[in-house]
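Just below is one structure, and these are the notes that go with it.
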Amino acid sequence: MEIITSRQNPAVVAAAKLADKKYREQTGTFAFEGEKLLAEAMSAGVRLVRVFATEAAYQKYEILFRRIPAGVTSLVSETVYEKLSFEKSPQGIFCVAEIPAPREEGDGSFVLLLDGVADPGNFGAVLRSADAFGVDMVYAGGAGADLYHPKVIRACMGSLFRVSVRTQPDMVDKIRRLREDGFRIYAAALDARAIDIRQADFSGKIGFVIGNEGHGISAPVLAACDGCIVIPMREGPQSLNAAVASGVVLWEAARRRGISAPTV
């Protein structure tokens, strides 16, 4: 197994550049850290290009590392790992993987549309909720966070490897096509036509739009929806952030659609 002690090693320099979106797009690769995400990626069939590990991490998770194809893993010194890591409390495992091809749009009946959700932490948390509550497809549009930002991957805790996500440059057209296919699309927005989420019909093909943290859902996207829903709250708070709002909306929809509780 290769042992890297120089911070100027070409593979290390290249891996460290994956914090940059343009470099990820140029190389078709992304990076993530930690034992849990490594295990999740391997289970999902994500192709690993390179794995860097400190000696302590390798010894601790040796059984997991044995599952990685030969020639992929390199041991690195602590100083080299400091150059790679995005984390404040790193686990000593830094992975480079191929960005998977976008999944085909399936025949699901439960979709989520993100209109400009920009904060990476919120974006990742939304994907985690979509995974937990059985969303069939997530469409990310507007000036949203890029899917493979390190903070998105960390916040979604591996959900990106399981949830079907597609970028959507024209959200209005996507909503139109979904409605033509029999979907009812609700915007989570405080609008004159909004109804209490508890009164909305969530049967059949259903979709929800969550908007930007600061500006909400854009006017053209709002107009393209069948209607609007609001989450009842006490007086005082004006709104919930995108991650919390999506979690509440998706849980209510999943509850009414008969999602099963996980077995212990």
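The number in my numbering is simply the position in the sequence shown, starting from 1, with 956 added. All C-beta atoms, glycine included, are put in the ideal place defined by N, C-alpha and C.
Contact annotation: the segment 1046-1063 does not touch the segment 1143-1151, with fewer than three C-beta pairs closer than 8 Å.
For the pair His-1171 and Val-1177, the Cα-to-Cα distance works out to about 13 Å. Residue Gly-1203 holds the alpha-carbon nearest to the alpha-carbon of Ala-1088 among Phe-1139, Met-998, Ala-1000 and Gly-1203. The continuous beta strand (DSSP E) containing Phe-1066 extends over residues 1066-1071. Nearest C-alpha to Glu-1038 among Lys-1161, Arg-1118, Asp-1137 and Thr-961: Thr-961.
For Gln-1124, the enclosing beta strand (DSSP E) begins and ends at 1121-1124. Between the alpha carbons of Gln-1047 and Leu-993 lies a distance of about 11 Å.
By the C-beta criterion, the segment 1082-1098 is judged not to be in contact with the segment 1024-1034, since fewer than 3 inter-stretch pairs fall below 8 Å. One thing to note: Leu-1069 has its Cβ no nearer than 8 Å to the Cβ of Val-1121. Counting the other CB atoms within 10 Å of its CB gives Arg-980 a total of 16 or more, which places it among the buried residues. Straight-line measurement puts the Cα of Ala-987 at about 18 Å from the Cα of Leu-1020. Looking at the DSSP output, Thr-985 shares a beta bridge with Glu-1054. Counting the other CB atoms within 10 Å of its CB gives Thr-1010 a total of 16 or more, which places it among the buried residues. In this chain, the alpha helix (DSSP H) harbouring Arg-1211 covers 1198-1212. Of all alpha-carbon atoms in Thr-1035, Ala-1013, Arg-1003 and Tyr-1017, the one lying nearest the alpha-carbon of Pro-1056 is that of Arg-1003. Looking at Arg-1023, Glu-991 and Glu-996, the one whose alpha-carbon comes closest to that of Ala-1012 is Glu-991. Excluding its 5 nearest sequence neighbours in each direction, Val-1005 has C-beta neighbours in its own chain below 7 Å: Thr-985, Val-1052, Ala-1053 and Glu-1054, listed in chain order. Scanning its chain for C-beta atoms nearer than 6 Å, with the 5 sequence neighbours on each side dropped, one finds around Ile-1215 the residues Gly-1090, in chain order. Non-local beta-carbon contacts of Ser-1115 in its own chain, meaning distances under 6 Å to residues more than five positions away in sequence, involve Leu-1083, Arg-1084 and Asp-1087 in chain order. Taken through DSSP and simplified to helix, strand or coil, Phe-1164 comes out as strand.
Glu-1060 and Val-1119 have their C-alpha atoms spaced approximately 12 Å apart. Residue burial is scored here from C-beta neighbours: Lys-1044 has fewer than 16 other C-beta atoms within 10 angstroms and is therefore classed as exposed.
Met-957 is classed as exposed because its beta carbon has fewer than 16 other beta carbons within 10 Å across all chains shown.
Here Glu-1038 carries a helix assignment [DSSP, helix/strand/coil]. Residue burial is scored here from C-beta neighbours: Ile-1173 has at least 16 other C-beta atoms within 10 angstroms and is therefore classed as buried.
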